[in-house]
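Down below is the structure, laid out as structure tokens.
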Amino acid sequence: MAKRSAKKARQAFWERGYLSHGYWYGRERLGTIELGPKKEWDGIYRWRAGDHAGECASLEEAKRAVEQAALVGASQPDLFDKS
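When we follow our numbering, the leftmost residue of the sequence shown carries the number 1, and every step to the right adds one.
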């Protein structure tokens, strides 16, 4: 019988929500992709990661943009971080 490792390696993952998708690493949200209201949606995916944002024509492009921004470390550090 195989033993489970004491610590499972954390990995960033996508979570689908209502009219949005979130990119999470543990309990920290790295980025989001939002759609417009259902009846008024213009077909544009709006994404935001840290202090970067943009618009894409497809969900795959928007996911790649969020992952790239998160990989680069686009999130702004806390203002009063003591570390």
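The C-beta atom is built at its ideal place from N, Cα and C for all residues, glycine as well.
Since the structure is predicted, the reported quantities are computational estimates derived from the model, not experimental observations.
Cutting at 7 angstroms between CB atoms, please list the residues of its own chain near residue i, excluding the five before and the five after it.
i	result
Arg48	Gly31, Thr32
Asp42	Gly36
Gly54	Trp47, Ala65
Cys56	Tyr45, Trp47, Ala62, Ala65
Would you check if the distance between the CB atom of residue i and the CB atom of residue j is smaller than 8 angstroms?
i	j	result
Tyr23	Leu35	no
Ala62	Gly50	no
Gly26	Arg10	yes
To which residues does DSSP link residue i through a beta bridge?
i	result
Tyr23	Trp14, Gly31
Arg46	Glu34, Glu55
Tell me which residues share the same chain as residue i and place their Cβ nearer than 8 angstroms to its Cβ, disregarding the 5 neighbours each side in the sequence.
i	result
Ser20	Thr32, Ile33, Glu34, Leu35
Leu59	His21, Ile33, Tyr45
Ala12	Tyr23, Trp24, Tyr25, Leu30, Glu67, Ala70
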